[in-house]
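K.L.:
Residue numbers (UniProt numbering), protein chains in the order written: chain A, 1 to 358; chain B, 1 to 441.
Note that CB positions come from ideal geometry on N, CA and C, so glycine has one too.
Just so you know, these numbers come straight off a predicted model, no measurement behind them.
One structure coming up, written as structure tokens, with questions to follow.
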Amino acid sequence: MFYREAGQFKTSYEADQSLFPIRQDRIGIAVLLLIAFVLIPLTANDFFLTSIMIPFLVFSLAAIGLNVLTGFAGQLSLGSGAFMGVGAYAAYKLTSIFPDVNVIFLVLVSGFFSAAIGAVFGLPSLRIKGLYLAVTTLAAQFFLEWCFIRIPWLYNYNASGAIEIPKRDMFGITVSGAEATPLARYFVVLAITVVIALLVANVLRGRIGRSWMMIRDMDIAAELMGIRPLQTKLLAFGVSSYICGVAGAMMVFFWLNAAEPSSYSITLSFQILFMVILGGLGSLGGSFMGAAFIWILPVFLKFIPGTLGIDIPAETVEHLTFMIVGALIIFFLIVEPHGFARLWQIGKQKLRVWPFPY
Amino acid sequence: MNFKQFALGTAVAVALGSSGFVQQAAAEDSNYIPLLTYRTGPYAGSGIPIANGMSDYFAMLNERDGGIGGVKLNVEECETGYNAQKGVECYEATKGKGALVYNPYSTGITLQLIPKASVDKIPVLSMGYGLSAAADGNVFPWIFNAPDTYWDGASVVIKYIAHQEGGLDKLKGKKIGYLFLDAGYGREPIPLLEDLAKKYGFELLQYPVPGKEMQNQSSQWLNVRRDRPDYMVMWGWGAMNPTAVKEAVKTRFPMDRFIGVWWSAGDDDAAAGGAGAKGYKAMNFSGVGTEYPAIQDIVKYVIDAGKSETDKAMVGSTLYNRGVLNAMMVAEAIRTAQEKTGKKVLTGEDMRIGLESLDLTAERLKEIGLDGFAHPMKITCEDHAGSEPVFIQQWDGAKWNKITDWFEPMTDVVRPLLEAAAKDYAEKNAPWPARTEPCPN
Numbered sequence: 001m002f003y004r005e006a007g008q009f010k011t012s013y014e015a016d017q018s019l020f021p022i023r024q025d026r027i028g029i030a031v032l033l034l035i036a037f038v039l040i041p042l043t044a045n046d047f048f049l050t051s052i053m054i055p056f057l058v059f060s061l062a063a064i065g066l067n068v069l070t071g072f073a074g075q076l077s078l079g080s081g082a083f084m085g086v087g088a089y090a091a092y093k094l095t096s097i098f099p100d101v102n103v104i105f106l107v108l109v110s111g112f113f114s115a116a117i118g119a120v121f122g123l124p125s126l127r128i129k130g131l132y133l134a135v136t137t138l139a140a141q142f143f144l145e146w147c148f149i150r151i152p153w154l155y156n157y158n159a160s161g162a163i164e165i166p167k168r169d170m171f172g173i174t175v176s177g178a179e180a181t182p183l184a185r186y187f188v189v190l191a192i193t194v195v196i197a198l199l200v201a202n203v204l205r206g207r208i209g210r211s212w213m214m215i216r217d218m219d220i221a222a223e224l225m226g227i228r229p230l231q232t233k234l235l236a237f238g239v240s241s242y243i244c245g246v247a248g249a250m251m252v253f254f255w256l257n258a259a260e261p262s263s264y265s266i267t268l269s270f271q272i273l274f275m276v277i278l279g280g281l282g283s284l285g286g287s288f289m290g291a292a293f294i295w296i297l298p299v300f301l302k303f304i305p306g307t308l309g310i311d312i313p314a315e316t317v318e319h320l321t322f323m324i325v326g327a328l329i330i331f332f333l334i335v336e337p338h339g340f341a342r343l344w345q346i347g348k349q350k351l352r353v354w355p356f357p358y
Numbered sequence: 001m002n003f004k005q006f007a008l009g010t011a012v013a014v015a016l017g018s019s020g021f022v023q024q025a026a027a028e029d030s031n032y033i034p035l036l037t038y039r040t041g042p043y044a045g046s047g048i049p050i051a052n053g054m055s056d057y058f059a060m061l062n063e064r065d066g067g068i069g070g071v072k073l074n075v076e077e078c079e080t081g082y083n084a085q086k087g088v089e090c091y092e093a094t095k096g097k098g099a100l101v102y103n104p105y106s107t108g109i110t111l112q113l114i115p116k117a118s119v120d121k122i123p124v125l126s127m128g129y130g131l132s133a134a135a136d137g138n139v140f141p142w143i144f145n146a147p148d149t150y151w152d153g154a155s156v157v158i159k160y161i162a163h164q165e166g167g168l169d170k171l172k173g174k175k176i177g178y179l180f181l182d183a184g185y186g187r188e189p190i191p192l193l194e195d196l197a198k199k200y201g202f203e204l205l206q207y208p209v210p211g212k213e214m215q216n217q218s219s220q221w222l223n224v225r226r227d228r229p230d231y232m233v234m235w236g237w238g239a240m241n242p243t244a245v246k247e248a249v250k251t252r253f254p255m256d257r258f259i260g261v262w263w264s265a266g267d268d269d270a271a272a273g274g275a276g277a278k279g280y281k282a283m284n285f286s287g288v289g290t291e292y293p294a295i296q297d298i299v300k301y302v303i304d305a306g307k308s309e310t311d312k313a314m315v316g317s318t319l320y321n322r323g324v325l326n327a328m329m330v331a332e333a334i335r336t337a338q339e340k341t342g343k344k345v346l347t348g349e350d351m352r353i354g355l356e357s358l359d360l361t362a363e364r365l366k367e368i369g370l371d372g373f374a375h376p377m378k379i380t381c382e383d384h385a386g387s388e389p390v391f392i393q394q395w396d397g398a399k400w401n402k403i404t405d406w407f408e409p410m411t412d413v414v415r416p417l418l419e420a421a422a423k424d425y426a427e428k429n430a431p432w433p434a435r436t437e438p439c440p441n
């Protein structure tokens, strides 16, 4: 009843091929964008913006990046954290060398460095698959992390070994550095995330995306039908690393303000991978849901005891959060191994036939 | 699973979560001190005694004196797990409640907070850690790292080694190994050590220990065995310390030539080496033991009263007392700020004035029941570190004993380097805000 597209006729091919062919989806997306661009900026406090929304968007974008590679092109990767780091360090170097260039432009450019390195580490994917490929991307993770620690040029020879983001203005508004208001940073992160997500959504349903999915589903058949595995796989690695790189640069420029190499460690790679798996492999919406689950839920959980007036020591709350989130991950994967995206699909189907399920 | 139940459950969970989001308003008649602690994760071994020491001292002040200047202290812990992202999250969650000062207890988190401090007008007290260059109060008016920076510490170690050898000129040709946690924390002292190596002609051998491999240092110690350094200096934290002491015992390195920084001076760190660890040395600037009236008060008002989660055996250990020292500095800064501003309930800006005017004399230390617990310290507008003297303590197999008198750091070498580093930091982070805060002294 709620989700019935009966009566929505398409009179042109364009309408039939549009990104959101169902009216309810269009309304839903418009409402979400309205909330993100208007409601949240009007109502949210600084904590909500800086500790929940900005990280959530950054992680969503990183999860989209990994989803392109793992979910759509079928290449398992454990190096996404390091590729994010490449973006961050590239953007940092770029802004130190060209302090007057618009920082958003630099963040977007830094993704290309990440894409190039991602493509290089994607080369083994032509020969090896699955878990074996995961091991080579793991090598990328460790090698790049080593570079972040051992090449002092990357962090401008700072004694601390960390990169610290200077203040940068855009049209008279400070967007990076400690003085940037959470709102300005939120808008930048939101805009970049939404634009890249829309671009990726369009790439995925076109020729390139379809060739990725062909490679994922059966690479020999895809090759026989004229898909070139070399270009397709490397393109997937490149695009995925580009998105991860931009996410990584945003992470340090608009969220953390300073980053040590350990910020881009294997833990981050796993975090992103869990977001993708929980959200749903091969689903853009799932990337957002996965990121929300992994990042926002623990923050919410931490506040529950305080609100209910229960006095629990901080570390117990932390342990409890770990346990609850862990249990929920297992629970959701048992209930729906294909992730939240699949749950949402089932939900849509239920809504469509409600109240007369068959 | 029934879909309806599932949807309902999710909705309830989300509603519960979001309702928790309303921030509790800060109580009007108290001074709010957030404590970024870590009782979980790989650094919990060092984090727990410090967290206990700090919260117990504040709890004691509340119980015994009813707070400071008649105003209760509202202390809240936030668990960071030594993770910089969580540290920033804790900072954002607590700064709106009228936080007076932050004690991040992590160089990584400190680095994140340094640029924020001047914007949010909340000072950061990184007691004996963090960015050494922050000692320059003209560049970093909001950051305090009294009583000593890492560079002070590194200079004291070299001075102590020279003392053992019979003079600074005897350092020539000696090999000094530097075992450090490969993170901002462990890398901080390297520029100074390299500088001193050049100056005094000793060879500095570096043995970095990656954070995720700090419990497996066999390769580093194999290199130590090969290089045979005359002395080993360690900048370790968390699980790295006991592992290093164990490995040193295993490699039969002479323990009295193995010297740790004040953060490697924990009781558990040394005890891990068993009987072989006897002779291990470490720098320290806070007293050990429980024979101080203030610590006795903690036992009486807080621990025996069952108002703390501290194990009584932990009281008096090096890191516990370090936490007490940190809490005492915060408390004294609050008292100073109350005197200076005439206000009872303070803000971050008042607290900055209090910290900048902090003058802990020997008489004052005696008055608060911590006579001889720490060296008298004085913070000025220019010097936020104080570069106070440090002593060396030695592990006798069961407890730490102070074996030297107070050692002055080589301020003449350290200070110019600190100022150069502060300038460098400001340039790299240009445009760095110039100091506008007037000097309260």
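1. So B:D152 and B:P409 are in contact, right, with Cβ under 8 angstroms, and what is the actual spacing, rounded?
2. Please return the same chain residues whose Cβ sits closer than 7 angstroms to the Cβ of B:T251, not counting the five positions on each side in sequence.
3. Shortest alpha-carbon distance to B:A420 belongs to which of B:G386, B:V139, B:E363, B:L358?
4. With H, G and I counted as helix, E and B as strand and the rest as coil, what does DSSP make of B:F21?
5. Assess contact between the segment 288-304 of chain B and the segment 332-344 of chain B, defined as three or more Cβ pairs (one per stretch) separated by less than 8 angstroms. Is contact present?
6. Counting only Cβ pairs nearer than 7 angstroms, list the residues of chain B close to A:P166.
7. Quick check: what's the CA-CA separation for B:L365 versus B:P293?
8. Is it buried or exposed, B:E291, if we count other Cβ atoms within 10 angstroms and call 16 or more buried?
9. Roughly how many angstroms lie between the CA atoms of B:F180 and A:S160, to the nearest whole one?
10. Please specify which runs of the alpha helix (DSSP H), each continuous and at least 4 residues long, are wholly inside the segment 148-230 of chain B, giving them in chain order.
11. Locate the alpha helix (DSSP H) running through A:D169, then write down its first and last residues.
12. Pull up the distance between the alpha-carbon of A:L235 and that of A:V86, whole angstroms please.
13. Relative to the alpha-carbon of A:A197, which residue among A:I149, A:I243, A:L351 has its alpha-carbon at the smallest distance?
14. When we look at the beta-carbon of A:T267 and count the other beta-carbons within 10 Å, is it buried (16 or more) or exposed?
15. Which same chain residues, not among the five before or five after A:S60, have their C-beta less than 7 angstroms away from its C-beta?
16. What would DSSP say about B:M283, mapped onto helix, strand or coil?
17. Quick one: using the 10 Å Cβ neighbour count with 16 as the cut-off for buried, is residue 363 of chain A buried or exposed?
18. By the 8 angstroms beta-carbon criterion, what residues does the segment 35-62 of chain A contribute toward chain B?
19. For a contact meaning CB atoms closer than 8 angstroms, what does B:R187 contact in chain A?
20. Using a threshold of 8 angstroms, state whether the C-beta atoms of A:A63 and A:W212 are closer than that.
21. Can you pull the chain A neighbours of B:L131, defined as C-beta to C-beta under 7 angstroms?
22. Along chain A, in chain order, which residues have C-beta atoms closer than 8 angstroms to that of B:K116?
23. Just reading off the alpha helix (DSSP H) that A:F253 is part of, what are its end residues?
24. Going by DSSP, which residues form a beta bridge with B:Q393?
25. Measuring only the C-alpha atoms, how far is B:T380 from A:A36?
26. Looking at the secondary structure, which residues open and close the alpha helix (DSSP H) in which B:I259 lies?
27. At which residue ranges does the segment 30-96 of chain A contain complete alpha helix (DSSP H) runs of 4 or more residues, listed in the order of the chain?
28. Bridge partners for B:N62 per DSSP, in chain order?
29. With a threshold of 8 angstroms on Cβ separation, who are the neighbours of B:A239 within its own chain once the five nearest residues in sequence on each side are excluded?
30. Going by the CB atoms, is the gap between B:K174 and B:D227 shorter than 8 angstroms?
31. Just verifying my parser: in three-state terms, what is the DSSP assignment at B:M1?
32. Please report the straight-line C-alpha distance between B:Y160 and B:P189, rounded to a whole angstrom.
33. Does the beta-carbon of B:Y231 have 16 or more other beta-carbons within 10 angstroms, so that it is buried, or is it exposed?
34. Buried or exposed for B:G306, please, with buried defined as at least 16 other CB atoms from any protein chain shown within 10 angstroms of its CB.
35. Measure the alpha-carbon distance for B:A430 versus A:E315 and round it to whole angstroms.
36. At the 8 angstroms Cβ level, is A:V317 part of the contact set with chain B, yes or no?
P.N.:
A quick look at the data gives this:
1. 4 angstroms
2. W221, V224, R225
3. B:V139
4. For B:F21, the predicted structure reports a pLDDT of 42, less than 50, and the residue's modelled location is therefore unreliable. A value from the coordinates is still provided. It is coil, neither helix nor strand.
5. no
6. Those are N429, A430, listed as they occur along chain B.
7. Going by the C-alpha atoms only, they are around 11 angstroms apart.
8. exposed
9. 13 angstroms
10. 150-165, 184-187, 190-200, 218-227
11. Segment 168-170 is the beta strand (DSSP E) holding A:D169; no alpha helix (DSSP H) there.
12. 18 angstroms
13. A:I243
14. exposed
15. T193, S287, F288, A291
16. Three-state result, B:M283: strand.
17. One cannot answer for residue 363 of chain A here, as it falls past the ends of chain A, which runs 1 to 358.
18. N45, D46, F47, F48, T50, S51, P55
19. A159, S160, G161
20. Not closer than 8 angstroms, so no.
21. S160
22. A178, N257
23. No alpha helix (DSSP H) holds A:F253; DSSP gives it neither H nor E.
24. B:A282, B:K402
25. Their Cα atoms are separated by approximately 47 angstroms.
26. Run containing B:I259: none in the alpha helix (DSSP H); it sits in the beta strand (DSSP E), 258-260.
27. You should have 40-43, 54-66.
28. DSSP, once it has assigned bridges, lists no residue as partnering B:N62.
29. So the list reads P42, Y43, G45, M214, Q215, once near-sequence residues are dropped.
30. With respect to the 8 angstroms criterion, B:D227 and B:K174 are not classified as neighbours on the basis of their beta carbons.
31. A caution first: B:M1 carries a pLDDT of 45, below 50, which makes its placement in the model too unreliable to give a value.
32. Taking the straight line from one Cα to the other gives about 16 angstroms.
33. buried
34. So B:G306 counts as exposed.
35. 38 angstroms
36. yes
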